[in-house]
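What follows is one structure encoded as structure tokens, with my remarks underneath.
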Amino acid sequence: MPDWQERITADSRPATRAEHELRYALAAPLIRAAARWCDLGCGAGVAAAAALGDEPYGGSALLIDRDAAVADAAAAAVQAREATALALDLADGDALATLRSTLAGDEPLVITCFETIEHLSDFAPLVTLLTELAARPATTVLLSVPNDDFWAIENPHHATLWGEGALSELRSLLPAGHVALRQVALQGTALLPLDGEARASASVALAPGVASHLLLAFGAEAAKLGPALPATRVVQADVVEQRRWERQRESDLLYHVAALRALEARLAETEAALAQATAAAAAPTAGEDDDAPAASGHA
């Protein structure tokens, strides 16, 4: 994400929320058709709740995040017949063993893992577990990762970088026949009558370009995503949210400027201390000249 947030919240930029909501909206028909749904890296559940809407999910939802309070918030936000929160560190082997046992069973299951594995220092064990689960007759997995070739900044919350090579490596770990989708960022505006209500719709001619994210699906129902494409999600910019976002961006900038100045001050102190130590090491010590040869006194 270009806004330095670790998780999506209600205060996130509208365009960023729409980007995340679209992935859940694409998964929603599969989720509603399954008896169980597990959302890995659920965050506060803002995007999932918006995509699923007000119609309660009739199955059992398991919301998993590293932070227990955040997982609890997601369980409260998602409308489901049964919603359970679970705090797990998905980079931990014992946590993955807990996840495997928790998801045991033959009931139809959908697992979403959106924008999560880039936060893990070692994502391979989780991907291995997901492919293992997707090999079951009634399990489908959807996961997504950012394309850092598009964002061109290093997110401080990401433990790994995702470019063309990393994306290819990830796909090599997945079952043959998996579905691969690219997500592209759209920008636009609209002219509408000043008076009265209006609806806007537009078709977009897409040129070859760099995707912002890659979405991968594998397992029992992955092929059903094809007929749902292309999928788009557009939200109207709200003046209050836009101004709040601009203020937040200004606040973030001031924070990073202050952090930079603090680092520069520390660097100056370190350089001064190093210069002082170097000078002290080069200066002769007391009594050092006493060892010099004495003059003979002869002309």
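Each residue of the sequence shown is one higher than the one before, starting from 785 at the first, in this note's numbering.
For each residue, glycine too, the CB sits at the ideal point set by N, CA and C.
Closest by C-alpha distance to residue i, when choosing among the options
| i | options | result |
| --- | --- | --- |
| I901 | A853, V929, E1055 | V929 |
| V830 | L847, F934, G843 | L847 |
| H941 | L990, H903, L976, L914 | H903 |
| S985 | L978, H997, G972, S996 | G972 |
| L814 | A860, R983, I895, A855 | I895 |
| L1084 | P977, R983, A833, F907 | Because the chain in this structure spans residues 785 to 1083, residue 1084 falls outside the shown range and cannot be described. |
| L880 | A855, L975, D849, A853 | D849 |
| H962 | A1064, G1003, V1024, A1066 | G1003 |
| L945 | P959, H997, C826 | H997 |
| L976 | L1047, A1012, Q1020, A960 | Q1020 |
| L1013 | C897, A833, Q967, D851 | Q967 |
| S987 | A974, D979, E981 | A974 |
| P959 | A1001, A1066, A853 | A1001 |
| G827 | D851, R1027, S905 | D851 |
Cβ neighbour criterion (16 or more within 10 Å) applied to residue i
| i | result |
| --- | --- |
| P992 | exposed |
| D890 | exposed |
| H1040 | exposed |
| V862 | buried |
| P892 | buried |
| R791 | buried |
| D932 | buried |
| E803 | buried |
| A812 | buried |
| M785 | Reliability fails at M785, whose pLDDT of 37 lies under 50, so the model's placement of it is uncertain and the value that follows must be treated cautiously. Label assigned to M785: buried. |
| V925 | buried |
| G1010 | exposed |
| G825 | buried |
| R983 | exposed |
| R1027 | exposed |
CA-to-CA distance, residue j to residue i, given in whole angstroms
| i | j | result |
| --- | --- | --- |
| L883 | D873 | 10 Å |
| G949 | V994 | 14 Å |
| C822 | A809 | 15 Å |
| D795 | A1052 | 37 Å |
| T912 | A875 | 12 Å |
| E1034 | A1042 | 12 Å |
| E1055 | T1062 | 10 Å |
| A1007 | A1049 | 56 Å |
| L914 | S885 | 13 Å |
| P1068 | R1045 | 37 Å |
| S952 | A943 | 18 Å |
| A899 | G877 | Checking the sequence shown, residue 899 turns out to be Glu, not Ala. Approximately 20 Å between the Cα atoms of the pair. |
| V1024 | P909 | 43 Å |
| F934 | G837 | 30 Å |
| A818 | R920 | 14 Å |
| E1005 | L1037 | 44 Å |
| A832 | L957 | 26 Å |
| A799 | A1057 | 48 Å |
| V854 | A1064 | 54 Å |
Simplified DSSP assignment, three categories, for residue i
| i | result |
| --- | --- |
| P1068 | coil |
| M785 | Low local confidence applies: a pLDDT of 37 at M785 is under 50, so the model's placement there is unreliable, with the coordinate-based value given in what follows. Looking at M785 - three-state DSSP - the assignment turns out to be coil, as it is neither helix nor strand. |
| G843 | strand |
| R1017 | coil |
| P892 | coil |
| F898 | strand |
| I792 | coil |
| P1086 | Because the chain here runs from 785 to 1083, residue 1086 falls outside it and cannot be looked at. |
| V963 | strand |
| A864 | strand |
| L1051 | helix |
| G949 | helix |
| A1057 | helix |
Presumed contact (8 Å Cβ cut-off) between residue i and residue j, rounded CB distance
| i | j | result |
| --- | --- | --- |
| L806 | R1017 | 4 Å |
| L887 | L917 | 6 Å |
| R820 | G842 | About 11 Å separates the two Cβ atoms, so there is no contact after all. |
| L965 | L999 | 4 Å |
| A859 | T868 | 6 Å |
Residue i CB to nearest heavy atom of the ligand COA below 6 Å
| i | result |
| --- | --- |
| A860 | In terms of ligand content, the structure shown is empty, and the ligand COA therefore cannot be addressed. |
Cutoff 7 Å: residue i Cβ touching any chain D Cβ
| i | result |
| --- | --- |
| T923 | The structure shown contains no chain D, having only a single protein chain. |
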